[in-house]
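Below is one structure, written out as structure tokens; the observations come after it.
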């Protein structure tokens, strides 16, 4: 049924995951490419390129070719896919020659953005390329009964976009996408520290702050954290101590926007399916779902049970891979 050349790709803003039916997740690396601007050659991809952010000489620049879940730099994305698929075939011994590929796309992406994703994968040499909506892939990966007539509500908070979808009978009943997710929270933290302390910090420091002392719920035990950055007045390195309550205040506006998107999607739900949501609740996936206290905060705000997917970081990739066998059914539902 499955040949080795059938793979699922989660083309995420923060991370790219590649799933093979026979081996499961075979690659999980940051969506970063380091390029030499003189020769236009790719110097490094994935984890190696992420290590270079903020630390490279002038001629080498690390690029994140995906922005808000869609392709911002077409050529670099194609090169990155080529390099990562080559890495997969070397590391795991999976044939990636003329594969059949399923790629997930944000539900709010335009036909032009979808075409760019399709072309980037085709240019690698894929035989068939199928696109699947991210909420559907996330729901399949979170083990939800997507092909049953039950409302499955999925909230996928990634790096570039937050997707909220209600899925029933293998198709999307209601769906909303907002370009506020993990990257926006990092940006809010950078701005907060710049405004209040006159200190400049990088993306990686902001991400570490979010992971360690970022809280979605105001009722938490305050946690301090020491961080280092560059003083914007003296230009010298400086160490300061910040608290988790400050970070909560810095990111709460963006979290409210995600909450509004969830509410708007629930309001679009047909009355027949609303009862299911009260019983089964909503399921969180994506890296952003791991923010401290997010599950409890959402549960308080929308008064329905909130569950975490078994493997939030990999749900979309697993669902993308599993959907290979469901692709015909999903395409029929989409028509």
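Numbering (the numbering used here), first residue to last: 1196 to 1530. No residue lacks a Cβ here, since even glycine has one placed at the ideal position from N, Cα and C. In this text the structure is predicted, and so the values were computed from the model without any measurement.
Legend entry - 8 angstroms Cβ shell around residue 1286 - same chain, five flanking residues per side excluded: The sequence position of residue 1286 within the chain shown is 91, counting from 1. Excluding residues within five positions, the ones whose Cβ falls inside 8 angstroms are 1221, 1222.
Legend entry - Residues near residue 1374 by beta carbon distance below 6 angstroms, same chain, minus five either side: Within the chain shown, residue 1374 is the residue found at index 179, counting from 1. Excluding residues within five positions, the ones whose Cβ falls inside 6 angstroms are 1263, 1356.
Inset, instruction - Inspect the CB distances between the region 1306-1317 and the region 1341-1351 and report whether three or more fall short of 8 angstroms. - result: Touching, no.
Legend entry - With 16 other Cβ atoms within 10 Å as the buried cut-off, status of residue 1501: Taking the first residue of the chain shown as 1, we reach residue 1501 at position 306. Its Cβ being crowded by 16 or more others within 10 Å, residue 1501 is buried.
Inset, instruction - Please work out which residues of its chain come closer than 6 angstroms, Cβ to Cβ, to residue 1479, disregarding the five sequence neighbours upstream and downstream, and give them in chain order. - result: Taking the first residue of the chain shown as 1, we reach residue 1479 at position 284. Hits under 6 angstroms: 1350, 1503.
Legend entry - Where the beta strand (DSSP E) containing residue 1414 begins and where it ends: Counting from 1 along the chain shown, the entry for residue 1414 is found at position 219. For residue 1414, no beta strand (DSSP E) run applies, since DSSP gives it neither H nor E.
Inset, instruction - List in chain order: all unbroken alpha helix (DSSP H) runs of 4+ residues lying wholly within the region 1355-1405. - result: If we require 4 residues or more, the alpha helix (DSSP H) runs fully inside the region 1355-1405 come out as 1377-1392.
Inset, instruction - Might you give, ordered along the chain, the residues of its own chain that have their beta carbon closer than 6 angstroms to the beta carbon of residue 1410, omitting 5 neighbours on each side? - result: The residue labelled residue 1410 in the question sits at position 215 within the chain shown. A distance below 6 angstroms between beta-carbons, with the five flanking residues on each side excluded, links residue 1410 to the following residues of its chain, in chain order: 1439, 1443, 1487, 1488.
Legend entry - residue 1515 vs residue 1332 beta-carbon contact at 7 angstroms: Counting from one through the chain shown, the residue named residue 1515 turns up at place 320. Counting from one through the chain shown, the residue named residue 1332 turns up at place 137. Yes, Cβ-Cβ distance for residue 1515 and residue 1332 is below 7 angstroms.
Legend entry - Among 1415, 1432, 1417, 1416, the one whose alpha carbon lies nearest that of residue 1423: Within the chain shown, the letter at position 228 stands for residue 1423. The residue with the shortest Cα to Cα distance from residue 1423 is 1432.
Inset, instruction - Taking the CB atoms as reference points, tell me whether residue 1511 and residue 1336 lie closer together than 7 angstroms. - result: By one-based count along the chain shown, residue 1511 stands at place 316. By one-based count along the chain shown, residue 1336 stands at place 141. Going by beta carbons, residue 1511 and residue 1336 fall inside the 7 angstroms limit.
Inset, instruction - Could you give the DSSP three-state label for residue 1196: helix, strand or coil? - result: Locating residue 1196 in the chain shown gives position 1, counting from the first residue. Interpretation of residue 1196 is limited by its pLDDT of 29, a score under 50 that renders its predicted location unreliable; no figure is taken from the coordinates.
Inset, instruction - Determine, using beta carbons only, whether residue 1468 and residue 1334 come nearer to each other than 7 angstroms. - result: Counting from one through the chain shown, the residue named residue 1468 turns up at place 273. Counting from one through the chain shown, the residue named residue 1334 turns up at place 139. In this structure, residue 1468 lies away from residue 1334, with their beta-carbon atoms at least 7 angstroms apart.
Inset, instruction - Inspect the CB distances between the region 1204-1218 and the region 1245-1261 and report whether three or more fall short of 8 angstroms. - result: The region 1204-1218 vs the region 1245-1261: in contact.
Inset, instruction - Tell me whether the beta-carbon of residue 1316 lies closer than 7 angstroms to the beta-carbon of residue 1297. - result: Against the chain shown, residue 1316 aligns to sequence position 121. Against the chain shown, residue 1297 aligns to sequence position 102. Residue 1297 is positioned such that its CB atom lies no closer than 7 angstroms to that of residue 1316.
Inset, instruction - Only counting runs of 3 or more residues, tell me where the beta strand (DSSP E) segments fall wholly within the region 1201-1266, in order along the chain. - result: DSSP runs (the beta strand (DSSP E)) wholly in the region 1201-1266: 1201-1206, 1210-1215, 1219-1225, 1228-1231, 1236-1240, 1255-1258.
Legend entry - Burial state of residue 1379, where buried means 16 or more other Cβ atoms lie within 10 Å: Stepping through the chain shown from its first residue, residue 1379 is reached at position 184. Residue environment analysis places residue 1379 among the buried positions, since at least 16 neighbouring C-beta atoms fall within 10 angstroms of its C-beta.
Legend entry - residue 1503, enclosing beta strand (DSSP E) - first and last residue: As a first step, residue 1503 must be located in the chain shown, where it is residue number 308. Per DSSP, residue 1503 belongs to the beta strand (DSSP E) from 1501-1503.
Legend entry - Among 1225, 1372, 1202, 1273, nearest to residue 1193 - alpha-carbon criterion: Here the chain covers residues 1196 to 1530 and nothing more, so residue 1193 does not appear.
Legend entry - Inter-residue Cα distance where the pair is residue 1554 and residue 1267: The structure shown does not extend to residue 1554, since the chain is modelled only from 1196 to 1530, so the question has no answer here.
Legend entry - CA-to-CA distance, residue 1362 to residue 1394, given in whole angstroms: As a working mapping, residue 1394 is identified with position 199 in the chain shown. As a working mapping, residue 1362 is identified with position 167 in the chain shown. When only Cα atoms are considered, residue 1394 and residue 1362 end up about 45 angstroms apart.
Legend entry - Spatially closest choice to residue 1441 from 1461, 1389, 1397, by CA coordinates: As a working mapping, residue 1441 is identified with position 246 in the chain shown. It is 1389.
Inset, instruction - Report the rounded CA-to-CA distance for residue 1228 versus residue 1265, giving the unit in angstroms. - result: Here the question's residue 1228 lines up with position 33 in the chain shown. Here the question's residue 1265 lines up with position 70 in the chain shown. Spanning the two alpha carbons is a distance of roughly 15 angstroms.
Inset, instruction - Take the Cβ of residue 1234 as the centre, count every other Cβ of all protein chains shown within 10 Å, and call the residue buried at 16 or more, exposed below. - result: By 1-based counting over the chain shown, the position of residue 1234 is 39. Residue environment analysis places residue 1234 among the exposed positions, since fewer than 16 neighbouring C-beta atoms fall within 10 angstroms of its C-beta.
Legend entry - Contacts around residue 1318, its chain only, beta-carbon distance under 6 angstroms, and the 5 residues preceding and following it disregarded: Numbered from 1 along the chain shown, position 123 holds the residue referred to as residue 1318. For residue 1318, the CB contacts under 6 angstroms within the same chain, skipping 5 residues up- and downstream, are 1273 in chain order.
Legend entry - Boundaries (first-last residue) of the beta strand (DSSP E) holding residue 1295: If you number the chain shown from 1, residue 1295 lands on position 100. In the DSSP assignment, residue 1295 falls within the beta strand (DSSP E) that extends over 1295-1300.
Legend entry - Three-state class that DSSP yields for residue 1454 in the structure shown: Counting from one through the chain shown, the residue named residue 1454 turns up at place 259. Assigned with DSSP and collapsed to three states, residue 1454 falls in helix.
Legend entry - Endpoints, the beta strand (DSSP E) within which residue 1304 is located: Position 109 of the chain shown, counted from the first residue, corresponds to residue 1304. No beta strand (DSSP E) holds residue 1304; DSSP gives it neither H nor E.
Inset, instruction - Classify residue 1348 as helix, strand or coil using the three-state DSSP reduction. - result: Here residue 1348 is taken as the residue at index 153 of the chain shown, counted from 1. Residue 1348 carries a strand assignment under DSSP once its states are collapsed to helix, strand and coil.
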